[in-house]
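Visitor:
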Amino acid sequence: MSARHTMAADEMRRVLLVAAGAVPGALLRWQAAVQLGPYLPPGGSDVLVNGLGSWLLGWLVTWPPSRQGLQLLLGAGFCGSLTTFSSWMLVTERLQQQGFVTGLLWLGLGLTVGLTMAWLGQLPGQGPQRP
């Protein structure tokens, strides 16, 4: 097998890993909106899935580079489709129309949840043993 053929096969493997992770991430995001949306304020399910995705990404960055396949599957694929910056911004903009302070508070809540969860996700990997 030529080096170019091997590189193409490796790239296809990476693409498939990202795609395989993206499907369940998107489905979970959709179901969070469907199942939890009626019980939360507008955009509440976005904050939840963004927090979960931030925690998982925080945890994944502590993994050794030898886990690249899982990082692609769970990080770029699952978390990439689970989290939703655009929906969060749309809700923020709509809340801004109702009042600047309301939109600003929503923006602050989303940032606080995301940053806190990313930090908490890194804590388990900072111990003596990493996954």
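For the sequence shown, the working numbering begins at 1140 and goes up steadily by one. Ideal Cβ positions, reconstructed from N, Cα and C, are used throughout, including at glycine.
Contact between the region 1256–1266 and the region 1192–1203: three or more CB pairs below 8 angstroms?
Guide: Segments in contact, yes.
Visitor: Whose CA, out of 1252, 1141, 1256, 1152, lies closest to the CA of residue 1208?
Guide: The option with the nearest alpha carbon to residue 1208 is 1152.
Visitor: Going by the CB atoms, is the gap between residue 1188 and residue 1222 shorter than 8 angstroms?
Guide: Contact: yes.
Visitor: Run through DSSP, which three-state label would residue 1200 get?
Guide: If DSSP states are grouped into helix, strand and coil, residue 1200 belongs with coil.
Visitor: My output table needs one value for residue 1269: the three-state DSSP class, helix, strand or coil.
Guide: Note that residue 1269 scores 48 on pLDDT, short of 50, meaning its location in the model is unreliable and no value can be drawn from it.
Visitor: What are the boundary residues of the alpha helix (DSSP H) that includes residue 1225?
Guide: First-last of the alpha helix (DSSP H) with residue 1225: 1224–1237.
Visitor: Rounded to whole angstroms, what's the CA-CA distance from residue 1141 to residue 1213? Just pull it up for me.
Guide: About 30 angstroms.
Visitor: What does the Cβ neighbour count give for residue 1258, buried or exposed, with the cut at 16 atoms within 10 Å?
Guide: Classification for residue 1258: exposed.
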